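This report concerns only the one structure given below.
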Amino acid sequence: MKGFSFSILFVVLLGVLIASQTLFVVKETERALVLKFGEIVQEDVQPGIHFKLPIMNDVKKFDARILTMDSQPQRYLTLEKKAVIVDSYVKWKIDSVAKFYQATSGDEFVANRVLSSRVDTGLRNKFGERTMHEVVSGQRDQLMTELRDDLNQVAQNELGISIVDIRVKRIDLPSDVSESVYQRMRTEREREAREHRSKGLELAEGIRADADRQKVVLEAEAQRDAEMIRGDGDAKAAAIYSNVYTQDPEFYEFYRSLQAYRESFNGNNDLFVLEPDSEFFKYLNSSVRGGTK
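Here the sequence shown stands for residues 1 to 293, numbered as in full-length UniProt numbering.
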């Protein structure tokens with residue numbers, strides 16, 4: 001009984017061993033190729049369960065996802081011989097596993113090293129054909145598209161990979177160049193500020209002169225209108241006084257005398273002496289007698 005159980009266990013283990021040597025699984029994120037004594041006999045094996053011959057066949061698996069190569073910042077010269085520090089990255093994926101294996105022995109590090117060299121050469125050439133303004137803002141997208149298309153064909157032929165995208169993360173200036181650019185920008189902004197300030201002063205002087213002119217005109221018109229109103233009022237007052245005073249000339253004379261006395265005596269110590277037979281007392285007496293009657 002024990003011998004029978006041992007035989008079953010042996011058969012099971014033998015079956016598992018044979019299955020592990022004859023079956024292999026390719027995941028959805030992988031691609032594979034089958035080698036026979038180092039020679040490729042089946043390439044671009046799709047995801048799923050596949051068979052191989054033990055000992056004779058060997059399976060190489062590769063990542064089929066989009067991979068990223070982050071390059072080290074490099075120094076390039078633009079068309080006007082100005083240095084820039086460029087930080088870039090490349091998105092790539094394996095297009096032909098057979099060609100990729102033959103070119104790199106399946107080593108992604110080797111592929112990144114070769115691709116980095118190609119990208120560095122391409123960026124150096126593209127930056128050397130453009131000015132600082134074009135590579136910073138004007139034609140950056142166009143530059144990346146052209147470089148991607150050029151390198152994609154070379155990478156497919158040499159490495160069996162396709163370039164999905166090439167992007168520049170940032171473009172910096174070297175410290176010495178940055179200082180000179182900063183000083184030039186500062187000088188330019190100060191010049192523009194002086195021009196704007198000069199134009200502002202001229203505009204302010206024009207506004208102030210126009211305001212002063214309008215002030216003089218308004219004051220003159222107001223003075224003219226006031227004089228006209230005052231003259232019209234005086235004329236009306238004179239007409240009213242003349243109409244009223246003609247009704248009693250003696251009272252008018254008496255009233256004028258009182259006005260004259262009032263204007264003459266402005267101080268508390270002023271003294272005025274009248275004779276008893278003066279016209280003032282005569283009119284006053286006549287007014288009292290007339291009032292008594």
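Don't be surprised by glycine CBs; every beta carbon is placed ideally from N, CA and C. Being a predicted model, the structure only gives us computed values, none of them experimental.
ask   = What's the gap between the Cα of Glu-30 and the Cα of Asp-63?
value = 5 Å
key: Asp-248 - containing alpha helix (DSSP H), residue span   = Looking at the DSSP string, Asp-248 is not in any alpha helix (DSSP H), and its letter there is neither H nor E.
inquiry  = Under DSSP, the alpha helix (DSSP H) around residue 300 begins and ends at which residues?
reply    = Nothing can be reported for residue 300: it is not among the residues displayed for the chain, which extend from 1 to 293.
message = Residues in the same chain with beta-carbon distance under 7 Å from Val-136, minus the five sequence neighbours each way, listed in chain order, please.
response = Ile-171
key: Nearest neighbour of Val-114, chosen from Ile-161, Asp-95, Ala-83 [CA to CA]   = Ile-161
query = If we ignore side chains and look at the alpha-carbon of each, how far apart do Tyr-241 and Lys-215 end up?
reply = 38 Å
task = Could you tell me which of Lys-81, Arg-130, Asn-57 sits nearest to Asp-143, measuring between CA atoms?
result = Inspection of the sequence shows that residue 143 is occupied by Leu rather than by Asp. The option with the nearest alpha carbon to Leu-143 is Arg-130.
request  = Would you kindly report the start and end of the unbroken alpha helix (DSSP H) that includes Arg-140?
outcome  = 140-158
task = Measuring alpha carbon to alpha carbon, tell me which of Trp-92, Ala-98, Gln-74 ends up nearest Gly-38.
result = Ala-98
key: Residues of its chain near Ala-260, where Cβ-Cβ distance is below 7 Å and the 5 sequence neighbours each way are ignored   = none
task = Kindly give me the distance between the Cβ atoms of Asn-57 and Val-34, rounded to whole angstroms, as I take these residues to be in contact under 8 Å.
result = 5 Å
task = Put Leu-33 into one of helix, strand or coil per three-state DSSP.
result = strand
message = Looking at the strands, I want to know which residues DSSP matches up with Leu-23.
response = Phe-51
inquiry  = When you compare the CB positions of Val-110 and Met-69, do they come within less than 9 Å of one another, or not?
reply    = no
ask   = Where do the ends of the beta strand (DSSP E) carrying Glu-43 lie?
value = 39-45
task = Determine the direct distance from the alpha carbon of Lys-236 to that of Ser-257, and round the result to whole angstroms.
result = 23 Å
request  = For Ile-49, count neighbouring Cβ atoms within 10 angstroms of its own Cβ and tell me buried if that reaches 16, exposed if not.
outcome  = exposed
message = Just list the residues that DSSP pairs Asn-57 with in beta bridges.
response = Lys-36
query = Which of the three DSSP states, helix, strand or coil, is assigned to Ser-88?
reply = strand
request  = Might you give, ordered along the chain, the residues of its own chain that have their beta carbon closer than 8 Å to the beta carbon of Thr-292, omitting 5 neighbours on each side?
outcome  = Interpretation of Thr-292 is limited by its pLDDT of 44, a score under 50 that renders its predicted location unreliable; the figure taken from the coordinates is listed afterwards. Once the five neighbours on either side are set aside, Thr-292 has no close Cβ partner at all.
ask   = So Lys-60 packs on Tyr-101, CB below 8 Å; how close in whole Å?
value = 6 Å
query = Around the Cβ of Arg-186, are there at least 16 other Cβ atoms within 10 angstroms (buried) or fewer (exposed)?
reply = exposed
request  = With DSSP collapsed to three states, give me the class of Ser-180.
outcome  = helix
ask   = Can you name the start and end residues of the alpha helix (DSSP H) that Phe-169 belongs to?
value = In the sequence on display, residue 169 carries Lys and not Phe. Element bounds for Lys-169: not the alpha helix (DSSP H) but the beta strand (DSSP E), 161-172.
message = Among the candidates Asp-225, Val-217, Glu-158, whose CA atom is the shortest distance from the CA of Ser-96?
response = Glu-158
task = Taking only the alpha-carbon atoms, compute the straight-line gap between Gly-122 and Tyr-182 and give it to the nearest angstrom.
result = 29 Å
request  = May I ask you to report which of helix, strand or coil DSSP gives Arg-65?
outcome  = coil
query = If you drop the 5 nearest sequence neighbours on each side, which residues of the same chain put their C-beta closer than 7 Å to that of Ser-184?
reply = Note on residue identity: the sequence assigns Arg, not Ser, to residue 184. Cβ neighbours of Arg-184 beyond the five flanking positions: none.
query = With distances taken between CB atoms, is the gap from Gly-128 to Leu-79 smaller than 9 Å?
reply = yes
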